[in-house]
Amino acid sequence: MIAKLSVKQRIQVGLILSVAFGLVLGSNLMDRRHFSTIEQSVKSIYVDRIVVQDYIYQLQNHVHKMALDLIGEQQQFDTYHPQGRIDGLLGDFAQTQLTREEARLLGELRQQFSALDLKDREPALAQLQRIGQTLDGLEQIQLDQGNRLTELSEKTLGVNRMLSNLEVVFLVIIAICIMLLIFYPVKIFQPIHWN
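Residue numbers (this note's numbering): 220 to 414.
Structure (structure tokens):
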């Protein structure tokens, strides 16, 4: 079949095949970038949002236990002093990727825990309530950021689907052009002479 094609037709077929190869290669590189974005979003949702949500939950449990001890007027602070665990959780939290607001609230939370004095009941309960509000703010950030990352992943997947559909359309058009070149080489690609 190639032997029947003229040099000009062979060049045209080569160009069309080169364009097809370039489109497939370009699409593949774009797909790779989009999948990398999705992979990063999924990792970030787990490491920076779900794990952090667990840290917040554990911190809230410690605050809740301290408040219960104060309300019950039990003097068990000598036996239950979670400052080491709290510092560890705050340190782990700080190692994640933080938004500006998250970093601000985490700094505020560290200050609140370091200023916490459990000797006087009423001021300590007020301090624990403020700590609880800060933890609630951090929890809301986790929900918002998790939602944002999910939307980013969905958007990237949508772009990938669209590019895949365009790729199929381009490949069909190129296949039609190649078939026209092979089966109707003289009629289509002859120079047009104007009388």
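Cβ atoms here follow ideal geometry from the backbone N, Cα and C, with glycine treated the same way.
Per-residue burial, residue i [other beta carbons within 10 Å of its own, 16 or more giving buried]
{"i": "Arg304", "result": "exposed"}
{"i": "Leu173", "result": "The structure shown does not extend to residue 173, since the chain is modelled only from 220 to 414, so the question has no answer here."}
{"i": "Thr375", "result": "buried"}
{"i": "Phe312", "result": "buried"}
{"i": "Arg268", "result": "buried"}
{"i": "Gly233", "result": "exposed"}
{"i": "Glu370", "result": "exposed"}
{"i": "Gly365", "result": "buried"}
{"i": "Ile230", "result": "exposed"}
{"i": "Ile360", "result": "buried"}
{"i": "Tyr274", "result": "buried"}
{"i": "Gln314", "result": "exposed"}
{"i": "Val282", "result": "buried"}
{"i": "Ser237", "result": "exposed"}
{"i": "Ser372", "result": "buried"}
Span of the alpha helix (DSSP H), counted from its first residue to its last, around residue i
{"i": "Thr315", "result": "Here Thr315 belongs to no alpha helix (DSSP H), and DSSP marks it neither H nor E."}
Proximity to residue i [Cα-Cα], best of the options
{"i": "Leu337", "options": "Asp288, Gly351, Leu376", "result": "Asp288"}
{"i": "Tyr276", "options": "Phe389, Gly356, Asn366", "result": "Gly356"}
{"i": "Lys284", "options": "Val271, Gln259, Gln302", "result": "Gln302"}
{"i": "Gln279", "options": "Leu309, Gly245, Gln259", "result": "Leu309"}
{"i": "Ala343", "options": "Gln228, Ile395, Ala286, Ala322", "result": "Ala286"}
{"i": "Val271", "options": "Gln352, Asn379, Leu325, Glu341", "result": "Leu325"}
{"i": "Met381", "options": "Phe332, Ser225, His253", "result": "His253"}
{"i": "Ala334", "options": "Val391, Ile350, Glu258, Val261", "result": "Ile350"}
{"i": "Gln316", "options": "Ser260, Ala394, Ser383, Gln228", "result": "Ser260"}
Residue i (DSSP reduced to helix, strand or coil)
{"i": "Ser225", "result": "coil"}
{"i": "Lys284", "result": "helix"}
{"i": "Asp306", "result": "helix"}
{"i": "Gly291", "result": "coil"}
{"i": "Leu234", "result": "helix"}
{"i": "Leu335", "result": "coil"}
{"i": "Pro342", "result": "helix"}
{"i": "Met220", "result": "Because Met220 carries a pLDDT of 47, less than 50, the predicted location of this residue cannot be relied on, and the following value inherits that uncertainty. Residue state, collapsed to three classes: coil."}
{"i": "Leu354", "result": "helix"}
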